[in-house]
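As structure tokens, the structure follows; a few thoughts come after it.
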């Protein structure tokens, strides 16, 4: 019996050593993958880092508080409350100053001189200042596509912006946004102002 116990003990030591070797190999592979991702693509690097954080769980936003601190749980009510929250946050409060047409009706200002156009230099400056690595909008056009699209893309964008300027109308996709609220890890996750955009 003592011999069986010794044999079992040796076998368990071999298994423990094998497990430790596999763990170490996995750690080394993960480190190599992280360092490669960082050199090649920092976005993948941070995705890998985020995925390796322990205890990270997706926050469910299926309940929110109203202004009167009532809890909404119906999906349509929750979506409506988020919509109200963003409309209030990004509302233009002073529309009386400046030109550019009637902001409420969307009609163009006819007092604009036809010589007032957006210059190609302004377009180029705006395009160069775009930040890469950001999510695309509803039109699925990324900043990189515009930034590195070359003169044909820039010329087309110049024409489009001037057309919007003259007519006072913009494409519908420019009026909408995809907003991904990120919980700040402070306060209640039911309060909408505890999220950053």
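In the working numbering, the protein residues as written are 1 to 197.
Ideal Cβ positions, reconstructed from N, Cα and C, are used throughout, including at glycine.
Through-space distance from residue j to residue i, alpha-carbon basis
i           : j           : result
residue 122 : residue 167 : 19 Å
residue 68  : residue 28  : 53 Å
residue 33  : residue 26  : 10 Å
residue 23  : residue 92  : 56 Å
residue 195 : residue 183 : 4 Å
residue 85  : residue 15  : 57 Å
residue 177 : residue 171 : 12 Å
residue 139 : residue 17  : 54 Å
residue 20  : residue 35  : 22 Å
residue 150 : residue 134 : 19 Å
residue 156 : residue 89  : 32 Å
residue 163 : residue 79  : 34 Å
residue 54  : residue 185 : Here residue 54 scores only 48 on pLDDT, less than 50, and its place in the model should not be relied on; the value that follows carries that caveat. Rounded to the nearest angstrom, the two C-alpha atoms are 16 Å apart.
residue 180 : residue 87  : 15 Å
Cβ pair residue i, residue j closer than 8 Å
i           : j           : result
residue 198 : residue 137 : The structure shown has nothing for residue 198, since the chain only spans 1 to 197.
residue 62  : residue 73  : yes
residue 82  : residue 190 : no
residue 165 : residue 124 : no
residue 118 : residue 147 : no
Presumed contact (8 Å Cβ cut-off) between residue i and residue j, rounded CB distance
i           : j           : result
residue 160 : residue 143 : Residue 160 to residue 143, Cβ: 16 Å. No contact.
CB contact below 8 Å: residue i versus chain B
i         : result
residue 4 : The displayed structure is made up of one protein chain only, and chain B is not part of it.
Residue ranges of each alpha helix (DSSP H) run of no fewer than 4 residues wholly in the region 146–197, ordered along the chain? 151–167 and 172–175
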